[in-house]
Amino acid sequence: MKRILNTFCVAAIALTLLTACSKHEERVVQPTPVTVWTVANMAGENGLRYSANIKPDVQVDLAFKASGYVEEIFQVTGVDGRRRNVQEGDFIKKGTVLARVRANEYRDRVAEAQAGLTKAKSDFDRAAKLFENQSVSKADYDAAYAGYTSAQARYDQAAQALRDCALQAPMDGYVLRRNIEVGTLAALGMPGFILADTRAVKAVFGVPDMIVGQMKMGDYQTVTTEAFPGVDFRGRITRVAPSADPNSRVFEVECTIPNPDNRLKAGMIAALKIAGQASSPSAMLLPLNAIVRPRNDPKGYAVFVVEESDGKSTARERKINLGDVVGNSIAVNAGLQGGEKVIVRGATLVVDSQEVRIIP
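In terms of our numbering, the sequence shown opens at residue 265 and continues consecutively.
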């Protein structure tokens, strides 16, 4: 009997191990999503290349001016024909009420203030007539007037608080973020939405002091993006920072680009070429966030180059030699070739030989 029991236990353990192994083998590791930057020479016909971030021309955080539970969110018609709450990416017209908080208490305060105002107005009108007939003193008249103006102020304040229950769009724009749901307890000053006007966008980049003198307000610049290869976007310099960033020692510059078709999105990586001398004719320019430490060399520098083969994209660690920092980018003097794709977002999440998936 004991031998039979032992045999049964061994069989059960073996079956469990086989099942666990089978489940382990069935688990599929998904490729890590990354964003890449195509390497190009720092120097060219038009000078130095600078990487830039695309930002909305105007961006506002819409915060609640009244506290309470959110009872309504503006709705639009979705692609399936059904009504849904407004969400990221939806276009909103100026004046649209994006959300409302529960207003019962605020309406009660308005009604109370209205009653007080009506009484104060009646008292003042009566005091004014009596004062004309010299039946009351100037002090009584002034007291009635003060009571009336005070009641009017309380009513105006209550009415404004009721209007503030509605969170209204101050401009035409796209919803970048919605932070609330129906039932959310909104506090005074709590951001409910982030709204952006992207009919024009800004390419924001940094330049060193040796270049900032060339940045003239109104000058035209050509901007390119990885999202639209071969397409040039024309913009003008609309802002040059009067002082350098104390940490990076670069001057922030903004190039405003018309964007009527909304092709350029906030957060895209762009590039500009500015007349000037590169530190090395063969130097490449990369965004700073592409640089990582090699696994076996904590004092060195490396990047992950994406190699594509048989329909798969693989990250390969590549040691590099760095040059000067140029704005929010850095020159790479050795280790890369033009046309190679380097991971700029997700570089700290991958290891050598790991499969990746390129996203915009």
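All C-beta atoms in this analysis are idealised placements derived from N, C-alpha and C, irrespective of residue type, glycine included. As the structure is a prediction and not an experimental result, all values here were calculated from the model.
Which listed residue (the options) has its alpha carbon closest to that of residue i
i	options	result
V465	V365, N317, R366, R313	N317
A423	A375, I501, S401, A384	A375
D428	G437, D574, V365	V365
I533	R527, I501, P524, E490	E490
F355	V570, A403, T462, N511	T462
S331	V400, P455, Y405	P455
R621	A508, D404, K576	K576
S507	P472, Y412, A417	P472
D509	F469, Q478, T486, T488	F469
R313	A392, T488, V446	T488
R513	V476, M548, P524, N523	V476
V303	Y409, V567, D574	V567
Q478	I444, F457, F515	F515
P320	D561, P562, G587, Y438	Y438
Within 8 Å, strictly: CB atoms of residue i and residue j
i	j	result
G210	A467	This structure cannot speak to residue 210, because the chain is shown only from 265 to 624.
A425	Y484	no
M481	V504	yes
Q601	T296	no
L550	V615	no
F492	I521	no
A384	A415	yes
T299	I594	no
L326	L459	yes
A628	N553	Because the chain spans 265 through 624 in this model, residue 628 falls outside it and cannot be assessed.
Q294	R442	no
Y412	F388	yes
Y405	A392	yes
V446	E335	yes
Those residues which DSSP pairs with residue i across a bridge
i	result
F568	E581
L459	V324, V439
N560	DSSP, once it has assigned bridges, lists no residue as partnering N560.
I302	Here residue 302 is Thr; the residue named in the question, Ile, does not match the sequence. According to DSSP, T302 bridges with K605.
F355	Y438
C429	None, per the DSSP bridge assignment.
L536	Y314, V487
T520	K466, R500
F492	Looking at the DSSP assignment, F492 forms no beta bridge with any residue, so it has no partner.
R418	Looking at the DSSP assignment, R418 forms no beta bridge with any residue, so it has no partner.
E396	DSSP, once it has assigned bridges, lists no residue as partnering E396.
L449	Y333
S573	K576
P297	R621
V361	Q432
V340	R348
Supposed contact pair residue j and residue i - C-beta distance, whole angstroms, cut 8 Å
i	j	result
L449	Y333	6 Å
L440	A367	Between A367 and L440 the Cβ distance is about 27 Å, and since that is not below 8 Å, they are no contact.
I501	C519	6 Å
G603	N585	No, G603 and N585 are not in contact; Cβ-Cβ is about 19 Å, not under 8 Å.
M548	V596	4 Å
R630	E571	Outside the displayed span of the chain (265 to 624) sits residue 630, for which this structure offers no information.
The ligand ATP heavy atom lying under 7 Å from the CB of residue i
i	result
Q478	This structure lacks the ligand ATP, and indeed carries no ligand of any kind.
If you pair each beta-carbon of the segment 349–364 with each one of the segment 428–435, do three or more pairs fall below 8 Å? As far as the Cβ criterion goes, the segment 349–364 touches the segment 428–435, which means the pair count is three or higher.
Three-pair Cβ contact test at 8 Å for the segment 376–384 versus the segment 345–352: The segment 376–384, when compared against the segment 345–352, does not touch it at the 8 Å Cβ threshold.
Do the segment 335–345 and the segment 555–570 make contact, defined as three or more Cβ pairs closer than 8 Å? These segments do not touch.
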